[in-house]
Amino acid sequence: MNDCQNAEMRDQLPDLLHERLAATERAVVMAHLDGCVDCRDELALLRVAHGTLIKATPRIDLNFIVEALPKTAPRTRTLSVSRRPMWSGRSTRPSYSLSSPRRAERQDQPPAFRR
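If you want this note's numbering, it's the 1-based position in the sequence shown plus 32.
Here's what the structure looks like:
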């Protein structure tokens, strides 16, 4: 078997096999196949290889797997409610003081020296 010199067409043969070509691209590749024995032979070889892989790959029976899973009761989610009020443990005092003389002093200092 000789290789076709048109590498672009050869590269599109797997896409043709898996039906991943747009209609216009498919028409161009099919027209090339009409005149190229090498590409037709390679496409036939790809079909045989693909069929062999499909037959050799074991099928997964999802229904069997689901039926084999242990049957358990559905879990219910219970919401945990805190017995303490939301504000417990927090200070009810304001976190600022209106009459702090040090506060006024700190505002006069540059930002690097503020605490």
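Glycine included, C-beta positions come from ideal geometry on N, C-alpha and C.
If you're wondering where the values come from, they're calculated on a predicted model, not measured in any experiment.
Looking at L45, G83, L85, T108, the one whose alpha-carbon comes closest to that of C68 is L45. By the C-beta criterion, the region 99-109 is judged not to be in contact with the region 69-85, since fewer than 3 inter-stretch pairs fall below 8 Å. Classified as exposed, V98 has fewer than 16 neighbouring CB atoms from the shown chains inside 10 Å of its CB. Boundaries cannot be given for R107, as no alpha helix (DSSP H) includes it and DSSP labels it neither H nor E.
Leaving aside the five residues that flank R58 on each side, the residues in its chain whose CB is nearer than 7 Å to its CB run, in chain order, L48. The Cβ neighbour count for M62, taken over all protein chains shown within 10 Å, is under 16; the residue is labelled exposed.
By the Cβ-count criterion, H64 is buried, with 16 or more other Cβ atoms from all chains shown falling within 10 Å of its own Cβ. A Cβ-Cβ distance of about 6 Å is found for the pair D35 and D70, placing them in contact under the 8 Å criterion.
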